[in-house]
Structures are given as structure tokens and as C-alpha cells.
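Q: Here the protein sequences come in this chain order: A and B. If you use my numbering, the first sequence corresponds to residues 22 to 428, in order. If you use my numbering, the second sequence corresponds to residues 22 to 428, in order. Ideal placement from N, C-alpha and C gives every residue a C-beta, glycine not left out. Have a look at this one.
Protein chains: 2
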Amino acid sequence: MSAATTTDRDSMDFAKTKALFHLPDGVIYLDGNSLGPLPRSAAARVTKAVTEEWGEMLITGWNKAGWMAQPAALGDRIGRLIGAPNGSVVLGDTLSIKVYQALASALEMRPDRKVILSDSGNFPTDLYMAEGLIRSLAQGHELRVVAPEEVAANINDKVAATMLTEVDYRTGRLHDMVSLTAKAHAAGALAIWDLAHSAGALPVDLTAAKADFAVGCTYKYLNSGPGGPAFIYVAPAHADTVRPALSGWLGHEAPFAFDLDYRPGHGIERMRVGTPPVLQMAALDASMDIWDRADIQAVRLKSIELTELFIELVERDCPGLTLASPRDPANRGSQVSFHFAEGYAAMQALIARGVIGDFRAPDVMRFGFTPLYIDEEDVRGAVRILADVVRNDLWDRPEYKTRARVT
Amino acid sequence: MSAATTTDRDSMDFAKTKALFHLPDGVIYLDGNSLGPLPRSAAARVTKAVTEEWGEMLITGWNKAGWMAQPAALGDRIGRLIGAPNGSVVLGDTLSIKVYQALASALEMRPDRKVILSDSGNFPTDLYMAEGLIRSLAQGHELRVVAPEEVAANINDKVAATMLTEVDYRTGRLHDMVSLTAKAHAAGALAIWDLAHSAGALPVDLTAAKADFAVGCTYKYLNSGPGGPAFIYVAPAHADTVRPALSGWLGHEAPFAFDLDYRPGHGIERMRVGTPPVLQMAALDASMDIWDRADIQAVRLKSIELTELFIELVERDCPGLTLASPRDPANRGSQVSFHFAEGYAAMQALIARGVIGDFRAPDVMRFGFTPLYIDEEDVRGAVRILADVVRNDLWDRPEYKTRARVT
Numbered sequence: 022m023s024a025a026t027t028t029d030r031d032s033m034d035f036a037k038t039k040a041l042f043h044l045p046d047g048v049i050y051l052d053g054n055s056l057g058p059l060p061r062s063a064a065a066r067v068t069k070a071v072t073e074e075w076g077e078m079l080i081t082g083w084n085k086a087g088w089m090a091q092p093a094a095l096g097d098r099i100g101r102l103i104g105a106p107n108g109s110v111v112l113g114d115t116l117s118i119k120v121y122q123a124l125a126s127a128l129e130m131r132p133d134r135k136v137i138l139s140d141s142g143n144f145p146t147d148l149y150m151a152e153g154l155i156r157s158l159a160q161g162h163e164l165r166v167v168a169p170e171e172v173a174a175n176i177n178d179k180v181a182a183t184m185l186t187e188v189d190y191r192t193g194r195l196h197d198m199v200s201l202t203a204k205a206h207a208a209g210a211l212a213i214w215d216l217a218h219s220a221g222a223l224p225v226d227l228t229a230a231k232a233d234f235a236v237g238c239t240y241k242y243l244n245s246g247p248g249g250p251a252f253i254y255v256a257p258a259h260a261d262t263v264r265p266a267l268s269g270w271l272g273h274e275a276p277f278a279f280d281l282d283y284r285p286g287h288g289i290e291r292m293r294v295g296t297p298p299v300l301q302m303a304a305l306d307a308s309m310d311i312w313d314r315a316d317i318q319a320v321r322l323k324s325i326e327l328t329e330l331f332i333e334l335v336e337r338d339c340p341g342l343t344l345a346s347p348r349d350p351a352n353r354g355s356q357v358s359f360h361f362a363e364g365y366a367a368m369q370a371l372i373a374r375g376v377i378g379d380f381r382a383p384d385v386m387r388f389g390f391t392p393l394y395i396d397e398e399d400v401r402g403a404v405r406i407l408a409d410v411v412r413n414d415l416w417d418r419p420e421y422k423t424r425a426r427v428t
Numbered sequence: 022m023s024a025a026t027t028t029d030r031d032s033m034d035f036a037k038t039k040a041l042f043h044l045p046d047g048v049i050y051l052d053g054n055s056l057g058p059l060p061r062s063a064a065a066r067v068t069k070a071v072t073e074e075w076g077e078m079l080i081t082g083w084n085k086a087g088w089m090a091q092p093a094a095l096g097d098r099i100g101r102l103i104g105a106p107n108g109s110v111v112l113g114d115t116l117s118i119k120v121y122q123a124l125a126s127a128l129e130m131r132p133d134r135k136v137i138l139s140d141s142g143n144f145p146t147d148l149y150m151a152e153g154l155i156r157s158l159a160q161g162h163e164l165r166v167v168a169p170e171e172v173a174a175n176i177n178d179k180v181a182a183t184m185l186t187e188v189d190y191r192t193g194r195l196h197d198m199v200s201l202t203a204k205a206h207a208a209g210a211l212a213i214w215d216l217a218h219s220a221g222a223l224p225v226d227l228t229a230a231k232a233d234f235a236v237g238c239t240y241k242y243l244n245s246g247p248g249g250p251a252f253i254y255v256a257p258a259h260a261d262t263v264r265p266a267l268s269g270w271l272g273h274e275a276p277f278a279f280d281l282d283y284r285p286g287h288g289i290e291r292m293r294v295g296t297p298p299v300l301q302m303a304a305l306d307a308s309m310d311i312w313d314r315a316d317i318q319a320v321r322l323k324s325i326e327l328t329e330l331f332i333e334l335v336e337r338d339c340p341g342l343t344l345a346s347p348r349d350p351a352n353r354g355s356q357v358s359f360h361f362a363e364g365y366a367a368m369q370a371l372i373a374r375g376v377i378g379d380f381r382a383p384d385v386m387r388f389g390f391t392p393l394y395i396d397e398e399d400v401r402g403a404v405r406i407l408a409d410v411v412r413n414d415l416w417d418r419p420e421y422k423t424r425a426r427v428t
């Protein structure tokens with residue numbers, strides 16, 4: 022046989038990648054879409070940043086340890102997973118801040134248009150940031166929130182920008198980035214994509230889709246740890262003309278000249294704001310060592326296998342649960358959700374038994390599938406326990422119904 | 022003798038606090054005003070956050086390890102150093118972002134006024150953030166930048182807010198927070214204070230000064246490590262009425278309800294934006310263990326002793342250096358700067374010999390004095406080396422004149 026040029030799932034050895042993560046004993050972790058687990062190498066990498074870099078280099082670490090260059094270097098590595106060329110992605114801040122940056126820039130690029138078009142499947146924080154920006158600008162902008170399936174029909178010449186999350190955080194429903202971006206452009210609007218549940222979950226090609234802006238976080242599928250920095254992509258065509266609303270010193274053309282006036286930096290650098298979080302970046306650096314060697318096409322194929330198996334087994338073994346995610350894997354991301362009337366309590370009961378997923382109101386049990394460290398055995402084990410919980414009403418205990426939870 | 026109720030420097034044993042920090046062999050570190058050194062306990066504390074919390078608790082760490090409550094808990098601990106009551110300070114983001122939040126809120130509270138008054142001694146990034154906000158708002162605001170000594174005379178009924186940094190980052194010149202805030206209020210303006218070079222450097226009493234907003238960073242005198250989170254203070258009188266421009270999900274009244282509409286959270290919580298940086302907060306937590314036991318009045322008295330000694334010795338032993346800082350210690354923060362024509366090269370020569378300070382254009386050599394880990398022996402040792410550098414023209418080497426430096 023000749024060497025295969027097409028990707029298949031066998032291009033990666035997932036047993037080997039699984040061994041690169043620390044997973045607690047007795048836990049089946051199906052919540053990597055909220056917070057990825059610890060790459061084993063991250064502990065030593067963070068310790069190195071603390072003791073050998075901060076401890077020994079002190080202020081000189083900004084140059085000697087390369088801290089100052091990390092936001093762009095990490096951006097390039099993430100860029101490979103999302104179809105973004107080198108120099109078009111930079112790390113920093115939180116996803117909410119990056120949404121604000123993208124949106125403020127887009128509105129300034131379309132001064133005659135007043136509508137931001139989004140959908141009810143978007144992350145609430147994206148909508149909140151848009152609300153805050155609109156109120157602050159006081160220029161008569163409107164945030165128009167429609168049902169996900171109504172987005173295309175609502176793109177018109179009043180729309181300054183679409184602001185959409187590719188993968189619905191509740192159901193995993195996948196937007197068609199290529200066609201919605203094309204439709205936005207045809208109407209003269211800009212397209213902003215939130216990749217929080219896409220980056221590391223499935224192949225994204227921002228270049229091919231002609232996206233104008235994209236943002237995402239690194240603590241979900243990219244496994245950078247709690248509070249890891251966010252990223253922002255600006256299409257190269259815009260990068261030298263976009264004017265940052267959050268014009269911080271590290272986005273300045275010459276941060277260390279300490280000029281009194283702001284001059285935007287070159288390209289994506291202008292989307293930097295303040296001092297980057299070195300310890301969080303160290304953890305992301307370790308995590309990206311795994312992603313650098315991963316084939317995202319193979320990850321996607323494996324993810325589809327796992328989600329298909331999970332749906333099949335839950336529908337066979339777990340009465341009362343009905344699929345909330347699209348049935349066609351081509352239309353969903355790397356997570357599967359089920360409606361279950363007692364979903365909140367059932368999820369607590371599951372967690373108490375070592376199967377960690379999460380719950381989204383009103384009745385959605387959500388499970389993330391992350392082939393780097395979740396395999397078929399995990400899927401079968403999780404469904405066995407879930408079936409036990411729902412068939413035997415194990416959720417029906419007061420402590421499962423009342424506890425507050427943060428996910 | 023009866024127990025002293027007045028503070029004196031002997032209320033703290035600085036030899037003991039010095040032992041709590043890791044300082045590299047052969048280094049005299051006079052740049053703690055740029056990046057504080059590593060508290061010895063921080064390495065273990067960060068490792069615990071990585072392995073025992075992230076690694077073992079995974080997503081449940083937000084509750085079980087208290088990550089979600091940390092921004093407010095750390096805020097209360099910093100509050101003790103700056104005269105802010107519990108519940109009025111919260112951690113997150115970077116100082117630039119916090120400046121933007123304070124300023125956007127203040128402008129919205131004074132809709133009929135269009136001037137932001139600042140001074141040329143402010144951090145450039147504060148000015149840059151104001152420029153970006155003004156351009157984005159497009160409501161005819163003006164950033165008026167005057168000389169530091171002209172601020173008081175320029176406060177009038179056109180000013181929406183003063184935006185001042187208490188300690189000048191170049192010279193250490195100290196603004197009179199009490200009188201400038203009173204003057205701002207008398208003119209109907211709001212007062213925003215940047216405490217980047219104040220928190221942990223000298224006693225601040227935001228409550229007594231009646232400041233409206235204050236912001237600061239934690240990686241300088243508070244020793245939280247590179248990229249540690251910033252903080253923001255909102256006066257309790259405003260905290261429940263201020264409307265956040267950066268309205269992120271963690272500032273929402275019920276972040277985990279995932280409502281589509283934003284409702285600001287209670288009090289200072291509404292100034293939270295996105296997911297907080299857990300690993301950076303762990304380092305800050307360790308650093309604050311030292312600050313929790315510190316007497317900031319004693320730190321200030323010791324700091325004055327050290328800076329007075331440094332000035333005396335430099336003026337005696339280092340020809341060509343002229344004092345750039347106020348001579349009266351009551352008018353300066355915890356740093357001392359000198360003009361020196363060959364300051365850039367001289368600072369490189371100093372650093373090569375283990376004395377780390379920094380340089381600010383055009384000719385300022387800057388030295389920070391941080392009694393928690395710098396003592397008289399350090400001061401004498403630093404001046405001996407500095408005197409050698411300037412008396413013997415040791416700075417006159419090409420490699421000291423050309424190297425780019427980041428501080």
C-alpha cells in the first residue's frame with residue numbers, strides 16, 4: 022500500500038496521548054469542554070516558570086525567558102488548529118475581553134450600520150459584552166438575538182457584524198461558518214466567530230471561511246488550565262487598519278518608549294493590551310506541546326466515533342433521556358447533550374460516582390468527548406453508570422437536588 | 022515601658038521577611054517596583070494549585086478549591102493595605118483593563134462633562150486606554166494631559182474625572198491624594214487613582230481620601246509574579262449603581278443562570294469580567310500571606326530610611342548623577358531616580374554586575390526600595406558598584422549601549 026495522504030484516525034495513537042494527561046483515579050472526565058485536564062508536563066513547566074524564570078531571572082525574564090514573545094508564539098501554535106496564518110493570532114486577557122475587542126473594532130469599521138446580529142445559542146457572556154459595549158457607545162446600536170436557525174435569514178444591510186459561536190455550548194449544534202460568513206460579506210457585514218468550543222474540538226479554517234475576527238479560550242479543549250488566557254484572530258487584511266478600543270501599552274508600536282500618545286502596533290500585536298499572564302502561559306505552552314503533534318482531522322474522526330457510540334448506548338440503556346444535540350455528527354461539535362427532567366440531580370449523582378459531565382438549565386445533561394484522553398472504554402463505562410443512575414432513580418436524594426454547582 | 026500603640030519600624034522584623042523571599046545569589050534587586058521577587062512559599066502554592074487542585078479536582082475546583090471566591094477574597098486582603106473596606110476590591114484582568122473599567126464608569130456617571138484630566142507623569146498605558154475609550158465612544162470627550170504640578174489648577178466644572186497615578190513611575194513624585202480628590206469633588210468631578218506604585222509601597226487610605234475608583238497591579242510591590250492579576254476598587258457609595266462597560270458573565274448577578282440579558286452583580290462583583298487566572302492567583306495568595314502580617318506603616322518608615330541613605334551615598338560617591346526624585350521623602354514613593362547622561366549604558370553595566378534597577382528615557386536610572394527584602398547592606402553594596410561604574414566609565418562598552426531591554 023502506498024502512504025496514505027488522506028487523514029484517518031489511525032494517524033494518531035490516542036493511547037499515547039491519553040498517557041500524557043493526569044486523570045484522577047476513578048474518574049471518567051466528560052467535561053473537558055469546560056476545563057481540560059492537566060497535561061502531565063504542565064506541572065514541571067509551570068514550576069520552571071516560577072523558580073527558574075521568575076525566581077532567578079526576575080525582571081530580565083521578559084527577554085531572557087521569552088515571556089514577552091509568548092503571546093504571539095502561542096498564537097501561531099493555536100493558529101495551526103484553526104486555519105490562521107502565523108502572525109494573525111495573539112494570546113491574552115479573557116474571552117469576554119477578546120469578544121469586546123473584536124466587536125468594538127468591527128463596529129468602528131462599519132460606522133453606518135447599527136445592528137449586531139447574534140443568536141440565542143451564543144454564550145451569554147458574548148451577549149453581555151455586546152450589551153455593555155452598546156450602552157457605553159450610546160450610538161444607537163442594537164443587539165439582535167435570533168434563534169440559531171434564523172441567523173441566515175436575518176443577515177441584511179443593516180447588520181454591522183455577525184457575532185456567533187460556532188458550536189452551541191448547550192447542545193453542540195454546529196453553525197456553518199463558511200456559508201454564514203459568505204452571507205455576511207455579501208450583505209456588507211463583518212463576521213466574528215467565537216471558537217470557544219471549536220478550537221481543539223474540530224478542524225476550523227478561518228482563512229478558507231474568510232472570517233474577519235475570531236476569538237476563543239484555551240482552558241477547554243486546549244487544556245491550558247483554569248483561567249488560561251484567551252486568543253484573538255484578526256484577518257490579515259484588517260490587521261494593520263483595525264483600531265483597538267482597548268489600546269493598552271503592549272499593543273503600542275513601541276511599548277517601552279513610554280510615549281504619551283498611543284500608536285497601534287504592527288498587525289495582530291495591536292490586539293495585546295496589558296502584561297500577559299506568564300504562569301498561565303507556561304501551562305498552555307506545555308499543553309500545546311501535545312497539540313503541536315496532533316492531527317486535528319484525526320481528532321475529529323475519533324470524536325465522531327465516540328459521540329456516535331455514546332448516543333447509541335444512551336438511547337439503548339438510559340430510558341427518559343432524549344437527545345438534545347443534532348443527530349447528524351456533521352452538524353455537531355465534540356459534545357453530546359441529553360434532555361432529562363431530573364437532569365440536575367442526575368448529574369450530581371453521576372459526579373458522585375466519578376462520571377463528570379455538567380448541567381445546563383433547564384434540563385440539559387452535557388458530555389464532552391475529547392479523544393486526546395477519552396476512549397471507548399470511558400464511553401462504555403460512563404453509560405453503564407448513567408444507566409444505573411436513571412434506571413434505579415439514584416438521583417432521587419436531597420443532596421443531589423439542592424447543591425449549588427459551578428461549571 | 023508600656024506597649025507602644027504608635028507604629029515604628031521596629032514593629033516588624035525585616036530580616037525575617039527577607040528570608041521569606043528567594044533572591045538569586047550575587048544579585049541586589051532594586052527593581053521590585055517593576056516585578057517583585059519570588060516569595061519562597063509561592064512555588065509550592067502554585068504547584069498545589071496545578072497538581073492537587075486542577076489535576077485532581079478538575080472542574081469542581083471552582084467550588085472545592087475556592088477558585089471562584091478568590092478574586093473577592095484576595096481583594097479584601099489587598100484592601101487592608103489601601104484603606105478599602107471588605108467587599109470593595111476585586112481582582113482580575115490587567116491594570117489597563119481596570120483603568121478602562123473605572124474610566125468608562127466615571128464618564129457614564131458624569132454624562133454632561135467631557136474632560137478627563139490626567140498628567141504627563143501618569144503611566145502611558147493609562148493615557149492610551151483613555152484615548153481608546155474616547156475614540157470608541159465618539160462623544161466628544163477630551164483627554165487633557167497637564168504637568169503633574171498643574172493638575173490642581175486644571176480641575177474645573179468641565180472635568181468628568183481625574184485619572185491620576187499617585188506615584189510617578191519615573192521619579193517617584195507623590196501626588197497628594199487627599200487634597201486632589203477633595204478638589205475634584207468640589208468641582209463635581211470624580212477621582213480615579215492608579216495605585217500601581219503605591220499598593221505595598223506606602224500607606225494608602227482610599228476611604229479617608231474619599232476616592233471614587235482605584236486600580237492597581239499586584240506584580241510590583243505585592244510580589245504576585247509576572248502577569249499577576251490587577252485589582253479595582255469602587256467606593257461603596259457607587260458600587261451598586263455603577264454600570265460596567267465590560268459587562269462579562271462573572272460580573273453578572275447570576276453567572277450560572279446563563280440568562281440572555283445582563284444584570285449587574287452585587288457591589289464590587291460587577292467589576293469582574295471573565296474567568297479569573299487561577300495559577301496567578303495562587304502565587305498572589307502566597308505573597309499576601311506575607312503582606313497579611315506586615316505593618317505598612319513600618320514598611321513606609323523603613324523605606325524612607327533606605328531611600329534617604331541611598332540618596333546620601335549616591336550624592337557623595339557617584340559624580341555626574343543628579344537627583345530626579347523629590348528630595349523630601351514625604352513627597353516621594355518608594356523609589357529613587359537619578360538623571361545620568363549615560364544612564365542607559367550605566368544601567369546595563371550595573372545589571373551585568375548584579376545590581377538590578379531600570380532605565381526610563383531619556384536619562385533616568387530608577388531604583389526601587391522594598392523593605393520586605395532589601396536592607397541597608399544592599400543599599401551600601403549597590404552604591405559601591407554604581408560608584409565604580411560611573412567613576413571608572415565601566416558603562417563605556419558597546420554591548421551596554423545597544424542592547425534592547427524590557428522592563
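1. In chain order, what residues of the same chain lie with their CB nearer than 6 Å to the CB of A315 of chain A, ignoring the 5 residues before and after it?
2. Could you please give the first and the last residue of the uninterrupted alpha helix (DSSP H) stretch that includes H259 of chain A?
3. Using three-state DSSP, classify D379 of chain B as helix, strand or coil.
4. Would you mind reading off the limits of the alpha helix (DSSP H) that contains D97 of chain B?
5. DSSP has R412 of chain A in a bridge; who is on the other side?
6. By how many angstroms is the C-alpha of H218 of chain A removed from the C-alpha of D189 of chain A?
7. How would you label H287 of chain A, buried or exposed, when you count the other beta carbons within 10 angstroms and need 16 or more for buried?
8. Are the CB atoms of P285 of chain B and W75 of chain A within a distance shorter than 8 Å?
9. For D178 of chain B, return the contacting residues in chain A, with the cut-off set at a CB-CB distance below 8 Å.
10. Can you grab the Cα-Cα spacing for the pair G113 of chain B / G389 of chain A, in whole Å?
11. Which residues in chain A have a C-beta closer than 7 Å to the C-beta of W75 of chain B? List them in chain order.
12. Is T115 of chain A close to chain B? Criterion is C-beta to C-beta, closer than 8 Å.
13. Return helix, strand or coil for E363 of chain B, following the three-state DSSP convention.
14. Count the C-beta pairs between the region 404-418 of chain A and the region 362-373 of chain A that are closer than 8 Å, then say yes if the count reaches three, no if not.
15. What separation, rounded to the nearest whole angstrom, lies between the Cα atoms of M22 of chain A and P257 of chain A?
16. Leaving out five residues before and five after A168 of chain B in sequence, what residues of the same chain have Cβ atoms less than 7 Å from its Cβ?
17. I'd like to know if the region 209-217 of chain A and the region 202-222 of chain B are in contact, where contact means that at least 3 CB-CB pairs between them fall below 8 Å.
18. Where R353 of chain A and L327 of chain A are concerned, what is the direct C-alpha to C-alpha distance, given to the nearest angstrom?
19. Could you check what DSSP says for H218 of chain A in three-state terms: helix, strand or coil?
20. So that I know if they touch, is there some Cβ in chain B lying closer than 8 Å to that of I80 of chain A?
21. Which residues in chain B sit within 7 Å of S268 of chain A, going by Cβ to Cβ distance?
22. H196 of chain B versus chain A: which residues are under 9 Å apart at the beta carbon?
23. From the DSSP output, read off the bridge partner residues of R337 of chain A.
24. Which word fits D233 of chain A, buried or exposed, when buried means at least 16 other C-beta atoms lie within 10 angstroms of its C-beta?
25. Between the Cα of K179 of chain B and those of B:T192, B:R165, B:I377, spot the shortest distance and give me the residue it belongs to.
26. Beta-carbon of T428 of chain B versus every beta-carbon of chain A: anything under 8 Å?
27. Does the beta carbon of Y240 of chain B come closer than 8 Å to any beta carbon on chain A?
28. Does L56 of chain B have its Cβ less than 8 Å from a Cβ in chain A?
29. If you drop the 5 nearest sequence neighbours on each side, which residues of the same chain put their C-beta closer than 6 Å to that of M302 of chain B?
30. Residue range of the alpha helix (DSSP H) that R61 of chain A falls in?
31. When we look at the beta-carbon of E469 of chain B and count the other beta-carbons within 10 Å, is it buried (16 or more) or exposed?
32. Which stretch, first to last residue, makes up the beta strand (DSSP E) that contains F388 of chain B?
33. Which ranges does the beta strand (DSSP E) cover as unbroken runs of at least 3 residues, wholly within the region 238-293 of chain A, from first to last along the chain?
34. Who are the neighbours of Q160 of chain A on chain B, taking C-beta pairs under 9 Å?
35. Do you know offhand how far F380 of chain A's Cα is from P106 of chain B's?
36. Out of curiosity, what's the CA-to-CA distance linking T428 of chain B and L223 of chain A?
A: Put simply:
1. Counted from its first residue, the first sequence places residue 315 of chain A at position 294. Closer than 6 Å at the Cβ level, and outside the excluded window around A315 of chain A, lies no residue.
2. By one-based count along the first sequence, residue 259 of chain A stands at place 238. Segment 257-260, the alpha helix (DSSP H) holding H259 of chain A.
3. Position 358 of the second sequence, counted from the first residue, corresponds to residue 379 of chain B. It is a strand residue.
4. One-based indexing of the second sequence puts residue 97 of chain B at position 76. Where D97 of chain B is concerned, the enclosing alpha helix (DSSP H) stretches over 91-103.
5. For the purposes of this step, residue 412 of chain A is taken as the residue at position 391 of the first sequence. DSSP lists no partner for R412 of chain A.
6. Numbered from its first residue, the first sequence carries residue 189 of chain A at position 168. Numbered from its first residue, the first sequence carries residue 218 of chain A at position 197. Approximately 8 Å, taken between the alpha carbons.
7. Here residue 287 of chain A refers to the residue found at position 266 of the first sequence. So H287 of chain A counts as exposed.
8. Counted from its first residue, the first sequence places residue 75 of chain A at position 54. Counted from its first residue, the second sequence places residue 285 of chain B at position 264. Against a cut-off of 8 Å, the Cβ pair of P285 of chain B and W75 of chain A comes out as no contact.
9. The sequence position of residue 178 of chain B within the second sequence is 157, counting from 1. Neighbours of D178 of chain B on chain A: none; closest Cβ ~22 Å, over 8 Å.
10. By one-based count along the second sequence, residue 113 of chain B stands at place 92. By one-based count along the first sequence, residue 389 of chain A stands at place 368. Approximately 28 Å between the Cα atoms of the pair.
11. The count along the second sequence starts at 1 and reaches residue 75 of chain B at position 54. By Cβ distance, chain A contributes L59, G246, P247.
12. Here the question's residue 115 of chain A lines up with position 94 in the first sequence. Yes, T115 of chain A counts as interfacial toward chain B.
13. As a first step, residue 363 of chain B must be located in the second sequence, where it is residue number 342. In this structure, E363 of chain B counts as coil in the three-state DSSP scheme.
14. yes
15. The residue given as residue 22 of chain A occupies position 1 in the first sequence. The residue given as residue 257 of chain A occupies position 236 in the first sequence. Unreliable positioning characterises M22 of chain A in this predicted model, as indicated by a pLDDT of 35, which lies under 50. The coordinate reading is nonetheless provided below. About 41 Å.
16. Residue numbering aside, residue 168 of chain B sits at position 147 when the second sequence is read from its first letter. The residues are D140, S141.
17. no
18. What you label residue 353 of chain A is simply residue 332 of the first sequence in a count that begins at 1. What you label residue 327 of chain A is simply residue 306 of the first sequence in a count that begins at 1. For R353 of chain A and L327 of chain A, the distance between alpha carbons rounds to 13 Å.
19. Locating residue 218 of chain A in the first sequence gives position 197, counting from the first residue. Coil.
20. Counting from one through the first sequence, the residue named residue 80 of chain A turns up at place 59. Yes, I80 of chain A counts as interfacial toward chain B.
21. Numbered from its first residue, the first sequence carries residue 268 of chain A at position 247. Per Cβ cutoff of 7 Å: Y149, M150, E152, G153.
22. Numbered from its first residue, the second sequence carries residue 196 of chain B at position 175. Within 9 Å Cβ-Cβ: nothing; H196 of chain B doesn't reach chain A, min ~17 Å.
23. The residue labelled residue 337 of chain A in the question sits at position 316 within the first sequence. Answer by DSSP bridge pairing: none, since R337 of chain A is not bridged.
24. For this step, residue 233 of chain A is matched to residue 212 along the first sequence. Buried is the call here.
25. Here residue 179 of chain B is taken as the residue at index 158 of the second sequence, counted from 1. Among B:T192, B:R165, B:I377, the Cα nearest to that of K179 of chain B belongs to B:R165.
26. Taking the second sequence and counting its residues from 1, the one referred to as residue 428 of chain B is at position 407. Model confidence at T428 of chain B stands at a pLDDT of 43, short of 50, so the residue's coordinates are unreliable; what they give is reported in the following sentence. Chain A contact via Cβ: present.
27. As a working mapping, residue 240 of chain B is identified with position 219 in the second sequence. Output row for Y240 of chain B: interface = yes.
28. Counting from one through the second sequence, the residue named residue 56 of chain B turns up at place 35. L56 of chain B counts as touching chain A.
29. The residue you call residue 302 of chain B lines up with position 281 of the second sequence. The residues are Q91.
30. For this step, residue 61 of chain A is matched to residue 40 along the first sequence. Taken as a continuous stretch (DSSP letters only), the alpha helix (DSSP H) holding R61 of chain A covers 61-69.
31. Not covered by the structure: residue 469 of chain B. The range shown for chain B is 22 to 428.
32. The sequence position of residue 388 of chain B within the second sequence is 367, counting from 1. Segment 385-389, the beta strand (DSSP E) holding F388 of chain B.
33. 251-255
34. Residue 160 of chain A sits at position 139 when you count from the first residue of the first sequence. Neighbours of Q160 of chain A on chain B, chain order: L158, A159, Q160.
35. As a position in the first sequence, residue 380 of chain A is number 359, starting the count at 1. As a position in the second sequence, residue 106 of chain B is number 85, starting the count at 1. Going by the C-alpha atoms only, they are around 36 Å apart.
36. One-based indexing of the second sequence puts residue 428 of chain B at position 407. One-based indexing of the first sequence puts residue 223 of chain A at position 202. Residue confidence for T428 of chain B is low, a pLDDT of 43 falling below 50, so the modelled location carries little weight; the figure read from the coordinates is stated next. When rounded, the distance between both Cα atoms is 39 Å.
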